[in-house]
Each structure stands twice: as structure tokens, then as C-alpha cells.
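Heads up, the thing below is written out as C-alpha cells.
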Amino acid sequence: ILNVEQSPQSLHVQEGDSTNFTCSFPSSNFYALHWYRWETAKSPEALFVMTLNGDEKKKGRISATLNTKEGYSYLYIKGSQPEDSATYLCAFRRRADSWGKLQFGAGTQVVVTP
Amino acid sequence: EAGVTQFPSHSVIEKGQTVTLRCDPISGHDNLYWYRRVMGKEIKFLLHFVKESKQDESGMPNNRFLAERTGGTYSTLKVQPAELEDSGVYFCASSRIPHEVAGTDTQYFGPGTRLTVL
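Note that the protein sequences, when read in sequence, are chains G and F.
Each residue of the first sequence is one higher than the one before, starting from 2 at the first, in my numbering.
Each residue of the second sequence is one higher than the one before, starting from 7 at the first, in my numbering.
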């Protein structure tokens, strides 16, 4: 894999249900993986920066895991609420780009319905 | 602490005109990045400043784009002359930790400038 891919592109979740989605990235030259939450017309909000294989991060009802050897990260939302509706972006940072350039996926749009 | 701010929030111009976008990073952040999201595609890197120096401008599409960061504070991105394909959302981000120390610094994003070229 050469690019950052996110799946699914969109998903609809009932309020109260839990959900998860995937970010796939090149497994070679890994440096860091960033997760952002973005509502249109607002600033993308930083959720996590993950660097180590097996890393698990948690922020409230949102958590993420990282597998650098196989090149994927999962983001989980537990007990989804309408305010979780947003596009979730992952961004990969290559070792060669340690200056800071992020390579983004296209995002997973999450819609939580009451 | 104020976040990253961008001005204007929206700009509508005609093909061939010039537009200048401004970004004010978080105070004290030496790293400043410009990104662009075109036509609902993924956000793509344009360039990176460390203080007033261009560290990486590998993402700049062509010489119609000129970025500056005089004095190492705010930055401007000028598009001259604008073309239809330049339409999109231009994001600015900033981060604090010097790259030599940690490559895992969080990049804080502004709300973007939505540019429409007619």
C-alpha cells in the first residue's frame, strides 16, 4: 500500500451503538499516525498521535489502536452520540518526512442518528 | 490560548485574479504548515515553515503559489493568477515541538479558507 486509505467512506450509526473503522497506511518507513475529528467549516480537532506498535489511546468514548507491522489503525466510538457525527481523518507520517508532512486519508464520515 | 486563525473564511474570485490567504499560528509555534483539500478529496500537504524558513515546499503545485512567513509569525499564501483547479479549502496548521526533539508533535489546524475560483 502506498497511500493512506480509510474505510468505510461513510457509515450511519444508531445513537447508543458502538462502531469502528479503519485506517490503512504503508507499513514501511512508519513514523507516526495522527487521528483528527473534523466537522465541516470548523478546525480539524486533534484526537491522537500514535507512534508505537500496539499503542492504544483513549479520549472519552473514543479510542484507537495501532498495528505498524501490518499497517493499520482502528478508531472505536463507544456508545455513539449525535455529537460524534463528523468526518474522522487519519494522517500518516513517514520516517523520511520527519519534518512534519502529514499524508491524509479521505476520511470516514460518521452520522449518528437519534 | 487562541487557536490557529485563518482569514478570510471564504473567498470567491474570478479566474486570473489574485488572492492572498493569511494564517496566524498559535503563539510560540515555530512550525507552520499549509495544506489543501480539493473537490472532496483528501487533504494534501503544500509546504512547511520552521520560523521564517521554508523547510519543505514539495507539495506546492506550481509557481503560481507563493508562501511567505516574514518574521516567523503569521504566514500568507498568494495565488497569482488563480485557475479553476485552485478551488478548495486551504488549511493552515502549526506545531510547537522542534522536529529534532520529537516527530510526534500534534499539528493544530485552523478552520480553513474556502476558495472558489469562477
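Glycine residues also receive a C-beta, built at the ideal position from the N, C-alpha and C atoms.
Using beta carbons (cut-off 8 angstroms, strictly below), is residue i in contact with chain G?
{"i": "Ile49/F", "result": "yes"}
{"i": "Pro117/F", "result": "yes"}
{"i": "Thr122/F", "result": "no"}
{"i": "Asn68/F", "result": "no"}
{"i": "Ser101/F", "result": "yes"}
{"i": "Tyr96/F", "result": "no"}
{"i": "Val35/F", "result": "One detail in the question is off: residue 35/F reads as His in this sequence, not Val. His35/F does not count as touching chain G."}
For residue i, which of helix, strand or coil comes out of DSSP?
{"i": "Gly72/G", "result": "coil"}
{"i": "Leu34/G", "result": "strand"}
{"i": "Asp167/G", "result": "With chain G covering 2 to 115 only, the question about residue 167/G has no answer from this structure."}
{"i": "Glu4/F", "result": "Here chain F covers residues 7 to 124 and nothing more, so residue 4/F does not appear."}
{"i": "Ala97/G", "result": "helix"}
{"i": "Thr79/F", "result": "coil"}
{"i": "His35/F", "result": "coil"}
{"i": "Thr66/G", "result": "strand"}
{"i": "Ala73/F", "result": "strand"}
{"i": "Ile103/F", "result": "coil"}
Do we get a CB-CB distance below 8 angstroms when we pair residue i with the residues of chain F?
{"i": "Leu103/G", "result": "yes"}
{"i": "Trp36/G", "result": "no"}
{"i": "Pro9/G", "result": "no"}
{"i": "Val14/G", "result": "no"}
{"i": "Ser81/G", "result": "no"}
{"i": "Pro45/G", "result": "yes"}
{"i": "Val112/G", "result": "no"}
{"i": "Ala118/G", "result": "The structure shown does not extend to residue 118/G, since chain G is modelled only from 2 through 115, so no value can be given for it."}
Are residue i and residue j closer than 8 angstroms when you measure CB to CB?
{"i": "Thr66/G", "j": "Glu57/G", "result": "yes"}
{"i": "Val25/F", "j": "Ser15/F", "result": "no"}
{"i": "Phe1/G", "j": "Tyr89/G", "result": "Past the boundaries of the shown model lies residue 1/G; chain G is included only from 2 to 115, so the question cannot be answered."}
{"i": "Tyr96/F", "j": "Gly118/F", "result": "yes"}
{"i": "Leu48/G", "j": "Tyr32/G", "result": "no"}
{"i": "Leu19/G", "j": "Tyr75/G", "result": "In the sequence under discussion, the amino acid at residue 19/G is Ser, which differs from the Leu named in the question. Not a contact, by the Cβ cut-off of 8 angstroms."}
{"i": "Val128/F", "j": "Phe71/F", "result": "Absent from the structure is residue 128/F, since the part of chain F shown begins at 7 and ends at 124."}
{"i": "Gln7/G", "j": "Ala107/G", "result": "yes"}
{"i": "Val14/G", "j": "Val111/G", "result": "yes"}
{"i": "His35/G", "j": "Arg94/G", "result": "yes"}
Could you tell me how far apart the beta carbons of residue i and residue j are, in whole angstroms, since I believe they sit closer than 8 angstroms?
{"i": "Leu83/F", "j": "Val123/F", "result": "Actually they are not in contact, since the Cβ atoms of Leu83/F and Val123/F sit about 14 angstroms apart, beyond 8 angstroms."}
{"i": "His35/F", "j": "Arg102/F", "result": "5 angstroms"}
{"i": "Gly9/F", "j": "Pro87/F", "result": "That pair is no contact at about 32 angstroms."}
{"i": "Asn30/G", "j": "Ala97/G", "result": "6 angstroms"}
{"i": "Tyr114/F", "j": "Ile49/F", "result": "Not really, about 14 angstroms apart at Cβ, beyond 8 angstroms."}
{"i": "Pro115/G", "j": "Glu40/G", "result": "At roughly 17 angstroms, the Cβ-Cβ gap does not stay under 8 angstroms, so Pro115/G and Glu40/G are not in contact."}
{"i": "Glu58/F", "j": "Arg42/F", "result": "Contact doesn't hold; Cβ gap of about 22 angstroms is too wide."}
Beta strand (DSSP E) runs wholly inside the region 6–60 of chain G, at least 3 long, in chain order | 6–8, 11–15, 20–25, 31–39, 46–51, 57–60
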